[in-house]
Amino acid sequence: MRRALREIRILARDPLLLFLVAAVFVLVGLFVVYPLAKVAIASLQTRGGVWTLEHYELLQTRRLYRNALVNSLSVAALVGVIGTALGFVLAFVLTRIDVPGKRALHLITLLPIISPPFVGAVSILFLFGFNGLVTKQLLGLQDFNIYGRWGVVASQIFTFAPLAYLSLRGVLQSISPVLEDAAYNVGASRWQTFWRVTFPLSLPGIFSAFLVVFIESISDFGNPLVLAGAAFPMLAPQAYLEITGSFNLPRGAMLAVVLLIPSLVAFAVQRYWVSKRQYVTVTGKPTASTSKIVSPFARWALYAVVLAFAALVLAFYAVIVVGAFTRVWGFDYAPTLQHLRYVFSVGLTAVLDTLTIAVVSTPLSGVLGMLVAYLVVRRQFPGKAALEFGSILSYAVPGTVVGIGYILAFNGPPLILTGTLAILVLAFVFRYVPVGIQNGIAVLKQVDPSIEEASQNLGADAVTTFRKVTLPLLAPAFFSGLVYAFVRAMTAISAAIFLVSANWNLMTVQILNQVGSGRLGVAAAFSIVTIVLVTIAIGLITLFVERWSKTTSTVRFG
Amino acid sequence: MSTHARGRDPAAVPDLRLVKLRKEFVSQDDPHSKVVAVDDVDLELRKGQLVTLLGPSGCGKTTLLRMIAGFEEPTAGDVYFGERRMNQVAPNARDATMVFQSYAIFPHLNVYDNIAFGLRLKGMARADIRARVDRVVEQVGLVGMTQRPPSQLSGGQQQRVALARCLVMEPRMLLFDEPLSNLDAKLREQMRIEIRELQQRLGITSVYVTHDQVEAMSISDVVVVMDHGRVAQVGSPVEVYARPVDRFVADFIGKANFVEAKAIDAHAIEVDGARLAVPNGVPHPAGTSVTAVIRPEALSIERGSEIRAPLRGVVERASFLGQLAEIAVRAAGEALWLVDVPNAAEIGMPEVGERVGLTPSPRSLHVLPR
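Heads up: the sequence lines are chains A and B, in that order. Following this note's numbering, the numbering of the first sequence begins with 66 at its first residue and continues without gaps. Following this note's numbering, the numbering of the second sequence begins with 40 at its first residue and continues without gaps.
Right, here's the structure in full:
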């Protein structure tokens, strides 16, 4: 108690800082915790408002729900392990090893992240479905069934391994290669250097990446909806079907809460585990060296993995492009512009709405993420652990839960937001800010605190220090936070599908509708427009961040 | 208390005053117990003085410095700059710039922008900033390097940037946190001299943390020797060297022979059966056991067949170091005496196994309670 008072007193020396801390608390409470509480309450009440556990009992009695739980968990674990391993190889090769075409491979590898949620799934259907190019046209298989576990796993690895890549790239970049030199120098073999220095130093990052992929997979809703099929139920689509199909809000809420538990467990394990491992490998002394720990053979083997993944990505996109300009896939391959015309006539409002929402929510999310990372790593205040937990919580929360929660929370007083732009923007900001926060925390923990103390010591207040020193140092994390927020706003479906209205619609929802009615060509055309818009935006963000921290390319923070 | 020995102008308010300053941390091993990092430290410093906080690692010297800078909040006690109590003043409003051990150069800014950082925050006019930065750049010897990014600077150059970034603020106080510990020996000596010259020329009150006693002695007006969070001794470099208050200080500052002795009267002690005069006085009753502190350079060696020196022994080790020779002599009472012989090349190196006599210089004999 006395400590809490003292911490507040120190904060209060900088009134703006005190205000920011208070504001972040209020926002997180209102837009993260409150909707979740609403969902939990809904899952524990009958439609009449009586407290009950009857919805949860269904988990035991109904096989559909039980299977959904087991399937979701096993798929998420599998995708988490494979996706993270793949992401690490990608990151290691593209940051540490001198191989040709790194820039191009980097961009290709990022493509799946910037895709709408159904691209992987639709490509897989184009290639391996009943009318698939490979399965039917090339192999002549009549009854090959891609639907089910392996279809979902394949398309999720394709979709989420690049996320692991992006986060591990930042991690590897901030580990000084001089440490590898040092281990090498004291007689470690290449293998030992990797296992005893590089790998342990990146372990917190690897675990974080696994967590991202695990939670993305378990809450993913696009891929399962298209590829799981009726014989392979999974939690997230099932929760959605309960609400939109059978209008059973309490049961949907119950499934959502069940979905939440493994995510939260994984989340808690990571917090406990990572918190014990902090590395300050960056001091004010800049370093420059390249990795020498890879043997020629390993180098080419790893490079081959990267090339194979890039080839797969390109193949998937080629198929989407062809599909978008093909009359009816599998039957009539005549070229056509009809799908694209549809997007720019009937679908135009959805395109503009989506852009507006993304442009509004991206900067909010980016700055909020860095601010929270800074407060959590560098400042002392009462309730800090709770704030950190609350603000990062939302990425352990499936979009389905968020969607239901926002409907329950903001459909009536004190805050009525249903049908507005605000509800979508808020949902996106708070749902996608945790990646920025996590990356920011990871980078900040590796920056010597005395660099910020020096700024304070020279007369900068906390906010100026943040703006002039911390934020530029955070540029890599800020960049990935911005990109992530924008891409997600452009490609989100699971939460947004509950929040769209006649006034504000989204391209992703359009894609879902087209896939649902079997018009894969239009879905492909929508996907291509999304990808083009996202690519342009990433280019602009890169330009902005590079201009704003102009020397980050010459100074390596490790 | 530091300035008593040098005489004090009663009208002058100390530029830096620490009153019963204390810092407790919660123990990392046991959250219920506390670690006292700084234990009720009192200190007064006049304007323009340079004080070093000297001690082994973990003695609390850096924590003390960080409380002066405002980065740590005292558990109890007060920090005054002049007459102003600073406890509640934020670190960015203290006007006491600090050179960090890691230099803490902003990696995203070039040399010029690093140095101009603080002035820009003050909203100073561009031309004035340029003038002041240029002047400081010349003072610290960074001319022609202002456009370089930190990644292209050597350790010594980064050190200069860190110093320039502080000096350009024309602060009321300079704080140094082991600034030279990352430099090689030669550069360390050179930077030490430059820092001292600049500090004296500009007359900026300075607090300097180091664990290197040679550095502390050569640079300071006042040395504060710290041990386990407490001040062991405050004094001029000569005072702490010649008249250490206890065995810790004597041992930490330079080399010393600690010799078991007995007080004979107020001006003499007995060592190995020999009576040694102590002109500085023996502040202990006759008959009590005491420890005599004898510096190696205060012993003169006597060779030959007829030895008249009060102490005798056998040479056990002899190393010639150039400007002096280090000799270890096993005395009759089994004690090993370290002796520095300044003119060994002239009088000849004593040989191992040779019987020699030792005579302590009376003025440098210093007596501590056992």
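Beta carbons: idealized from backbone N, C-alpha and C, even for Gly.
Candidates A:Ala602, A:Val322 and A:Ala590: closest to A:Val104 by CA position: Of the candidates A:Ala602, A:Val322 and A:Ala590, the one whose C-alpha sits nearest the C-alpha of A:Val104 is A:Val322.
Name the residues in the stretch 496-516 of chain A whose C-beta lies less than 8 Å from a C-beta of chain B; which are they? Listed by position, the residues of the stretch 496-516 of chain A near chain B (Cβ gap below 8 Å) are Asp513, Ser515 and Ile516.
Touch check for the stretch 372-384 of chain A and the stretch 538-553 of chain A: three-plus C-beta pairs under 8 Å? No: the two stretches stay apart, fewer than three of their Cβ pairs being nearer than 8 Å.
Taking only beta-carbon atoms, is B:Asn131 less than 7 Å away from chain A? It does; some Cβ of chain A falls within 7 Å.
So, is the C-beta of B:Ser141 closer than 7 Å to a C-beta in chain A? The beta-carbon of B:Ser141 is placed less than 7 Å from the nearest beta-carbon of chain A.
In chain A, which residues lie less than 8 Å from B:Glu355 when you measure between Cβ atoms? None at all; the shortest Cβ gap to chain A is about 37 Å.
Output the distance between the C-alpha atoms of A:Leu379 and A:Thr200, rounded to the nearest integer angstrom. So the two alpha carbons sit approximately 19 Å from each other.
Under the DSSP definition of a beta bridge, which residues are partnered with B:Thr330? The partner list for B:Thr330 (beta bridge, DSSP) reads B:Glu299 and B:Leu407.
Separation of A:Ala519 from A:Pro463, as counted between CA atoms: Roughly 41 Å separates the two Cα atoms.
What ranges does the beta strand (DSSP E) occupy inside the stretch 188-241 of chain B, keeping only unbroken runs of at least 3 residues that lie completely in it? Note on the stretch 188-241 of chain B: whole beta strand (DSSP E) runs with a minimum of 3 residues are 212-216, in chain order.
To the nearest angstrom, how far is it from the Cα of B:Pro399 to the Cα of B:Ser259? Taking the straight line from one Cα to the other gives about 28 Å.
Collapsed DSSP secondary structure at A:Val359 in the structure displayed: Assigned with DSSP and collapsed to three states, A:Val359 falls in coil, not helix or strand.
Per the DSSP calculation, B:Arg394 is bridged to which residue(s)? Answer is B:Val353, bridged to B:Arg394.
Examine chain A for any beta-carbon lying closer than 7 Å to the beta-carbon of B:Leu407, and answer yes or no. With 7 Å as the cut-off, B:Leu407 does not count as an interface residue toward chain A.
Where does the unbroken alpha helix (DSSP H) through A:Ile558 begin, and where does it stop? Bounds of any alpha helix (DSSP H) do not take in A:Ile558, whose DSSP letter is neither H nor E.
At which residues does the alpha helix (DSSP H) containing B:Asp173 begin and terminate? Taken as a continuous stretch (DSSP letters only), the alpha helix (DSSP H) holding B:Asp173 covers Arg165 to Val179.
Tell me whether B:Thr102 sits in a helix, a strand or coil according to DSSP, three-state version. Assigned with DSSP and collapsed to three states, B:Thr102 falls in helix.
List the DSSP bridge partners of B:Ile308. According to DSSP, which records beta bridges pairwise, B:Ile308 is partnered with B:Ala302 and B:Leu315.
Over what stretch of residues does the beta strand (DSSP E) that includes B:Glu341 continue unbroken? Counting along the chain, the beta strand (DSSP E) containing B:Glu341 begins and ends at Leu338 to Glu341.
Could you check if A:Gly581 belongs to the surroundings of the ligand FAD, using beta carbon to heavy atom distance under 6 Å? Only the bare structure without any ligand can be found here, which leaves the ligand FAD out of the picture.
Beta strand (DSSP E) runs contained entirely in the stretch 105-142 of chain B, provided each spans 3 or more residues: The stretch 105-142 of chain B contains these whole beta strand (DSSP E) runs: 115-120 and 135-138.
B:Gln88 bridges to which residues according to DSSP? Paired residues: none, contrary to the question.
Anything in the stretch 86-112 of chain B with a Cβ closer than 7 Å to a Cβ of chain A? List those residues in chain order, please. Within the stretch 86-112 of chain B, the qualifying residues are Ala108, Phe110 and Glu112.
Who are the Cβ neighbours of A:Gln503 in its own chain at under 7 Å, not counting the five residues just before and after it? The answer, listed in chain order, is Ser273 and Ile457.
Quickly, what does DSSP pair B:Ala367 with across the bridge? List them, please. Paired residues: B:Arg356 and B:Leu377.
Whose Cβ in chain A lies nearer than 8 Å to the Cβ of B:Met137? From the beta-carbon of B:Met137, the residues of chain A found nearer than 8 Å are Glu518, Ala519 and Asn522.
For B:Pro401, which option in B:Gly387, B:Arg174 and B:Ile333 has the closest C-alpha, if you only look at C-alpha atoms? Per the C-alpha coordinates, the member of B:Gly387, B:Arg174 and B:Ile333 positioned closest to B:Pro401 is B:Ile333.
Compare the beta carbon distance of B:Ala331 and B:Ala300 with 7 Å and say whether it is the shorter of the two. Yes; because the gap between Cβ atoms is below 7 Å, this pair is in contact.
What does the Cβ neighbour count give for A:Phe692, buried or exposed, with the cut at 16 atoms within 10 Å? Residue coverage of chain A in this structure runs from 66 to 623, which leaves residue 692 of chain A outside it and unanswerable.
Contact list for B:Asn208 against chain A, beta-carbon separation under 8 Å: The sequence shown places Met at residue 208 of chain B, not Asn. Leu523 and Gly524, listed in chain order.
Under the three-state reduction of DSSP, which class applies to B:Pro276: helix, strand or coil? Looking at B:Pro276 - three-state DSSP - the assignment turns out to be helix.
Return helix, strand or coil for A:Ser254, following the three-state DSSP convention. Note: A:Ser254 maps to coil in three-state DSSP.
Assigned exposure category for A:Pro302 - 16 Cβ within 10 Å defines buried: By the neighbour-count criterion, in which 16 or more other beta carbons inside 10 Å mark a residue as buried, A:Pro302 falls on the buried side.
Please list the partners that B:Lys161 has in chain A, where partner means a Cβ-to-Cβ separation under 9 Å. Chain A residues near B:Lys161: Gly524.
Who are the neighbours of A:Pro537 on chain B, taking C-beta pairs under 7 Å? The answer, in chain order, is His147.
Span of the alpha helix (DSSP H) holding A:Tyr130? The continuous alpha helix (DSSP H) containing A:Tyr130 extends over residues Arg128 to Arg161.
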